[in-house]
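S.K.:
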Amino acid sequence: MARLSLKAIEERVSPLAGRESYDREIIFDLLLAYGKPQSSVTRLRNGDLNVAADPVSEVAQKKVVYFKETTGDPLEVLEVVKTSPEVVRFSTRFVIVTDFAELVAADTQTGETIGFPIREIDQHFTFFLPWAGMEKAQYVAEAHADVKAAERMGKLFDELLQANPDLLAQPHGRHALNLFFTRLLFCYFAEDTGIFDNGQFTNAVGSHTLDEGSDTADFLTDLFTALDTPDAADKPRHLASFPYVNGRLFTLSEDHVVPAFTKKARQELIAAGRLIWREINPDIFGSMFQAIVTPGERSDLGQHYTSVPNILKTIEPLFLDALKEEADAAQDSVKKLERLLDRIGEIKVFDPACGSGNFLVIAYKELRKLEHAILERLAELDDKHRVLFTESRISIENFYGIEIDDFAVEVAILSLWIAKHQMNAEFKDKFGVSIPLIPLQETGKVIAGNAARVDWNEVCPNDGKGEIYLVGNPPYKGAKTQTKSMKADFPYVFAGRPYSKNLDYIALWFTKGADYILGTRAELAFVTTNSVAQGEHVGLMFPQLFDMGLEIGYAYTPFKWENKAKRNAGVTVAVISVRNVSSRPKYIYADGLRLDATNINGYLAEGSNIFIGRRKSPLGERRPAMVFGSMPRAKGLVVTRDERLRMIENDIRAERFLKSYIGTSEHIDGVERYCLWIEDDDANEASMVPDIAARLSQVSEERAKSDAASTAAFAERPHRFVQISYQPTESIIVPSVSSERREYIPFGYLGKDVVISNLAFAVYDAEPWTFALLTSSMHMVWTRSVGGQHETRLRYSNSIVYNNFPVPPLSQAMKDNLTETALRVLDVREYHCEKTLAELYDPQKMPDDLREAHAEVDVLVDSIYSKKPYESDEQRLSDLFALYERMTAEEAAKAPAKTTRRIVK
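Read left to right, the sequence shown gives residues 1 to 905 (UniProt numbering).
(1) Assign H304 to one of three DSSP states: helix, strand, or coil.
(2) In whole angstroms, what is the alpha-carbon distance linking Q789 and Y603?
(3) List the DSSP bridge partners of E403.
(4) Per DSSP, which residues does G620 bridge with? Please list them.
(5) Roughly how many whole angstroms lie between the Cα atoms of Y34 and H238?
(6) So, does the stretch 882–898 touch the stretch 600–618, judging by three or more C-beta pairs under 8 angstroms?
(7) Expressed to the nearest angstrom, what Euclidean distance is found between the alpha-carbon atoms of K616 and L508?
(8) Who are the near neighbours of L759 in its chain, counting only those whose CB is closer than 8 angstroms to its CB and skipping five residues on each side?
(9) What did DSSP end up calling D596 once you bin it into helix, strand or coil?
(10) In terms of residue numbering, what span does the alpha helix (DSSP H) encompassing I648 cover?
(11) Going by DSSP, what residue range makes up the alpha helix (DSSP H) through M846?
(12) If you compare alpha carbons, which of F494, W456, M631 is closest to Y400?
(13) Which of the three DSSP states is assigned to V41 in this structure?
(14) Would you check if the stretch 309–317 and the stretch 536–548 touch, i.e. whether three or more CB-CB distances between them fall below 8 angstroms?
(15) Take every Cβ of the stretch 683–691, pair it with every Cβ of the stretch 666–674, and state whether three or more of those distances are shorter than 8 angstroms.
(16) Which term fits L252, buried or exposed, when burial requires 16 or more other beta carbons within 10 angstroms of its beta carbon?
(17) Of the residues W561, S777, A272, Q875, which one's Cα is nearest the Cα of E856?
(18) Would you list the one or two residues that DSSP bridges to D351?
(19) Drop a sphere of 10 angstroms on the beta-carbon of G751, count the other beta-carbons inside from all chains shown, and report buried for 16 or more, exposed for fewer.
(20) Just checking, does the stretch 729–744 make contact with the stretch 827–834 on the three C-beta pairs under 8 angstroms criterion?
(21) Does S608 come out as helix, strand or coil in the three-state DSSP assignment?
(22) Is N473 closer than 9 angstroms to V527 when the C-beta atoms are compared?
(23) Considering only their Cβ atoms, is the gap separating Q698 from K635 smaller than 9 angstroms?
(24) Assign V140 to one of two classes, buried (16 or more other C-beta atoms within 10 Å of its C-beta) or exposed (fewer than that).
(25) May I ask you to report which of helix, strand or coil DSSP gives residue 909?
(26) Between Q38 and V59, what straight-line distance do the alpha-carbon atoms span, to the nearest angstrom?
(27) Quick one: using the 10 Å Cβ neighbour count with 16 as the cut-off for buried, is N650 buried or exposed?
(28) Let me confirm a value: I652 is counted as buried when at least 16 other C-beta atoms fall within 10 Å, else exposed. Which label applies?
(29) Need the endpoints of the alpha helix (DSSP H) that P690 sits in, please.
(30) My output table needs one value for P558: the three-state DSSP class, helix, strand or coil.
(31) For G213, is the classification buried or exposed, using 16 other Cβ atoms within 10 angstroms of its Cβ as the cut-off for buried?
(32) Measure the alpha-carbon distance for S299 versus N178 and round it to whole angstroms.
(33) Got a sec, what are the start and stop residues for the alpha helix (DSSP H) G472 sits in?
(34) Look at the alpha carbon of M541 and the alpha carbon of L503, and state the distance between them as a whole number of angstroms.
(35) Name the DSSP beta bridge partners of M631, please?
(36) Count the other CB atoms, across all protein chains shown, that sit within 10 Å of the CB of R641; report buried if there are 16 or more and exposed otherwise.
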């Protein structure tokens, strides 16, 4: 299914604005405008998909929207509806309430609320972009409470470093300062959310310390001691009103040192207390604050946390969706709902790379929301249940983590406490029962340590019977960028089992996770760099997992992992769930769709567990070989545009020996380069041209100094390239790397006098129909999956991508049609010759006629592989893997030869 562009959505929403009157049809019109299928909208309108409690005045679709008409205050109604059992149970993304004059809406995943006159719907169309598969990366401004608070704390941190210049040099100095800030965070939050009296902490500092700050450290030391003292009679009189907190947070020791204050530092301490801390989100603030106290990490606060919608991509399919479906099915059964409550109370969530606890916090809050929804339904079914609502069954003791940074551990535990208090407040709003946070009884199960070395069973014991979910976003480090200590973790994790030195560091988490869940009820879902499921890495990591009897339960195909900051640290990632082999459904999530799968292979595609290796010749329909371009191994043979002009101007004979010389960069960016191309028979004649003779002398000297014997051997033949692939035929140039943003790799079709450099691949003696195959969406899907990446760019391989691309037998009529569409693409490019290919293939700037020409290629190539049009790239990839498996099996049957490792389930 093609995804709508931002411009297209804006154009579709625009006609919905400025109407004289509105009715409930507006919600159906909106859904259609954002690309929701006509069939599902029709079923929603007819009531087939409407799961609303009151279908007369409400329209609700699971995971999409809860729309309610009202004659009251829309905002007041919204506040009630967005935490209703139906909204929680059905994972509703947007809640919309309107009186058809005003419209208010809440995004339940980001927490953002908006309101406006309904006639101005077009001015706010970006709010609902997630309906079209576009998450909002900038939905909050820099003035958001979390950012303001983190910046304010940063100023205080800097002031304290100036006031305590020797603190960091002490053995536990940084740790002590970090713990001090953890305590401050709790105090600020406590005095603004009812844990302390309103403003109690900041007012006490302001009232009981001197302006110049000289006694602030002593006062805070006494205060922290009082917060760790159970009996008020044992506290100083001026601190007796502060409650007992416990929970190890304020226990003093050698590591718990209060730094000295200056006048400026005291002012910053009090200024921070004036912020509205109840608006702080623990799921994101913890990570931002960690950046404040980490050297070199403060340049962009926004890059240090993960957005709620992205975290939900991990935990919803893993366990939340199933729990909500069970709650939905049990809506009329008290016993079933009670059993579900018991189950939820026993669930354990374990993040073995937890950072500041984002995943744990979101999982905790989502389970609490579901618990509240179930309790509300029980109260509706039987009044006696309401008097039983005295506490939550969900304990933060069931949330486990491992984190190598000890300060992040403290922040994670603090964030869980704050999240618990926030959910306790929601509990009080719903059921009128207060659940006090303090004294802190639960200390959390987050420990400091190297997760690659720690025994996970010692952190979160797995007896094989408990319901345990491993989640998180483990560290990404490619084989070439790993530190020595990271490399040293590999033999420890694999414990005698063979492994490749080219594995990504995150493979250790999958390996330890596989060992942990094997033969138990536990399952895992990790966010991982997409390169793990592409190229050669698939064959390095997944065979071991599948051979153990594990499978992929669900997967999100690659997407941008972005957060809410303006300058977010978005990278392309996938989400991969691993579990013991099961008959339960498997799903692939892509482009806003959930696709059923019978098996998900290591490329995150529907198909058998095959692993694509290097192949010597093209598979299927006979095609010319793809080779590396020609390599000079000498700078003197390469000529710039201006140098070429001067050489010809000096001696016209030089022109005969100069050819266009193109690699990936020259081809895509339109840079002119040339090379000296001299056949053996013409070497003497070429050396008669003075400029050429000078260059050949330079080449000879350069090669003679080379340490490579293969290069030095050509010092006596300076006119020749060392590696020659060039043929005087038409050719296809294949960029070795290309931007991952492009919808198509800009392959080129070149004339006979163009030499393709070793920085690209070449297909000589190529016919245009081969160009059409390569430039199709079908081939792009294959490239993205099996080709891998160079940094973030797509990496092409002749032996892995091109030679393994399965092409069935083609009729001459089909080749003629492919040729026609290929020439159409080349003609349109020529029409826009003033632009470089980089400009033409920028997805935001691609001309309509070029896009249409490629669409014609896509339709024709798709028809080779399927009689029905494809709705998604995942369907294309599934068919390609099935065809690859069939063709390689037929090939092996005819002439047994191992072309790739194949495991078929």
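Virtual Cβ for every residue (Gly too), placed ideally from N, Cα, C.
M.R.: With the given structure in hand:
(1) The residue you call residue 304 lines up with position 304 of the sequence shown. Bear in mind that the predicted position of H304 carries a pLDDT of just 41, short of 50, making it unreliable; the figure below should be weighed with that in mind. The answer is helix: DSSP assigns H304 an H, G or I state.
(2) Here residue 789 refers to the residue found at position 789 of the sequence shown. Here residue 603 refers to the residue found at position 603 of the sequence shown. Distance from the CA of Q789 to the CA of Y603, rounded to the nearest whole angstrom, comes to 13 angstroms.
(3) Here residue 403 refers to the residue found at position 403 when the sequence shown is read from its first residue. DSSP, once it has assigned bridges, lists A448 as partnering E403.
(4) Taking the first residue of the sequence shown as position 1, residue 620 is located at position 620. For G620, which the question treats as bridged, DSSP gives the partners V807.
(5) As a first step, residue 34 must be located in the sequence shown, where it is residue number 34. As a first step, residue 238 must be located in the sequence shown, where it is residue number 238. Distance between the alpha carbons of Y34 and H238 is about 60 angstroms.
(6) yes
(7) Against the sequence shown, residue 616 aligns to sequence position 616. Against the sequence shown, residue 508 aligns to sequence position 508. Spanning the two alpha carbons is a distance of roughly 32 angstroms.
(8) Taking the first residue of the sequence shown as position 1, residue 759 is located at position 759. These residues qualify, in order along the chain: G629, G663, T664, S665, S736.
(9) Within the sequence shown, the letter at position 596 stands for residue 596. D596 falls in the strand class under three-state DSSP.
(10) For the purposes of this step, residue 648 is taken as the residue at position 648 of the sequence shown. Its alpha helix (DSSP H) spans residues 641–650.
(11) Taking the sequence shown and counting its residues from 1, one reaches residue 846 at position 846. No alpha helix (DSSP H) contains M846, which DSSP labels as neither H nor E.
(12) In the sequence shown, the residue the question calls residue 400 occupies position 400. For Y400, the nearest C-alpha among the options comes from W456.
(13) What you label residue 41 is simply residue 41 of the sequence shown in a count that begins at 1. DSSP places V41 in helix when its eight states are reduced to three.
(14) no
(15) Contact between the stretch 683–691 and the stretch 666–674 is absent: fewer than three C-beta pairs spanning the two stretches fall below 8 angstroms.
(16) Start at 1 with the first residue of the sequence shown, and residue 252 comes out as number 252. Under this definition L252 is an exposed residue.
(17) Working through the sequence shown from its first residue, we reach residue 856 at position 856. Nearest option by C-alpha distance: S777.
(18) Numbered from its first residue, the sequence shown carries residue 351 at position 351. Beta-bridge pairing links D351 to G401.
(19) Indexing the sequence shown from 1 puts residue 751 at position 751. So G751 counts as exposed.
(20) no
(21) Position 608 of the sequence shown, counted from the start, is the residue given in the question as residue 608. Secondary structure at S608: coil, using DSSP grouped into helix, strand and coil.
(22) Position 527 of the sequence shown, counted from the start, is the residue given in the question as residue 527. Position 473 of the sequence shown, counted from the start, is the residue given in the question as residue 473. It is a contact, given that the beta carbons lie within the stated cut-off.
(23) On the sequence shown, position 635 is the one that residue 635 refers to. On the sequence shown, position 698 is the one that residue 698 refers to. Yes.
(24) Position 140 of the sequence shown holds residue 140. Confidence at V140 is low in this model, with a pLDDT of 35, below 50, so its placement is unreliable and the value that follows should be read with caution. V140 should be labelled buried.
(25) Any answer about residue 909 is impossible in this case: the structure gives the chain only from 1 up to 905.
(26) Taking the first residue of the sequence shown as 1, we reach residue 38 at position 38. Taking the first residue of the sequence shown as 1, we reach residue 59 at position 59. Computed Cα separation, rounded: 16 angstroms.
(27) One-based indexing of the sequence shown puts residue 650 at position 650. With fewer than 16 other Cβ atoms within 10 Å, it is exposed.
(28) As a position in the sequence shown, residue 652 is number 652, starting the count at 1. By the neighbour-count rule (16 or more Cβ atoms within 10 Å), I652 is not buried but exposed.
(29) The residue given as residue 690 occupies position 690 in the sequence shown. Unbroken alpha helix (DSSP H) run through P690: 690–704.
(30) Numbered from 1 along the sequence shown, position 558 holds the residue referred to as residue 558. Reduced to three states, the DSSP call for P558 is strand.
(31) Start at 1 with the first residue of the sequence shown, and residue 213 comes out as number 213. Looking at its Cβ environment, which holds 16 or more other Cβ atoms inside 10 Å, G213 is buried.
(32) Stepping through the sequence shown from its first residue, residue 299 is reached at position 299. Stepping through the sequence shown from its first residue, residue 178 is reached at position 178. Below a pLDDT of 50, predicted positions are generally treated as unreliable, and S299, at 44, falls in that range; the measurement from the model is reported next regardless. Rounded to the nearest angstrom, the gap between the Cα atoms of S299 and N178 is 19 angstroms.
(33) Within the sequence shown, the letter at position 472 stands for residue 472. Run containing G472: none in the alpha helix (DSSP H); it sits in the beta strand (DSSP E), 468–472.
(34) Residue numbering aside, residue 541 sits at position 541 when the sequence shown is read from its first letter. Residue numbering aside, residue 503 sits at position 503 when the sequence shown is read from its first letter. Approximately 7 angstroms between the Cα atoms of the pair.
(35) To locate residue 631, count along the sequence shown from 1; it is residue 631. DSSP output for M631 lists Q723 as bridge partner(s).
(36) Taking the first residue of the sequence shown as 1, we reach residue 641 at position 641. R641 is exposed by the Cβ-count criterion.
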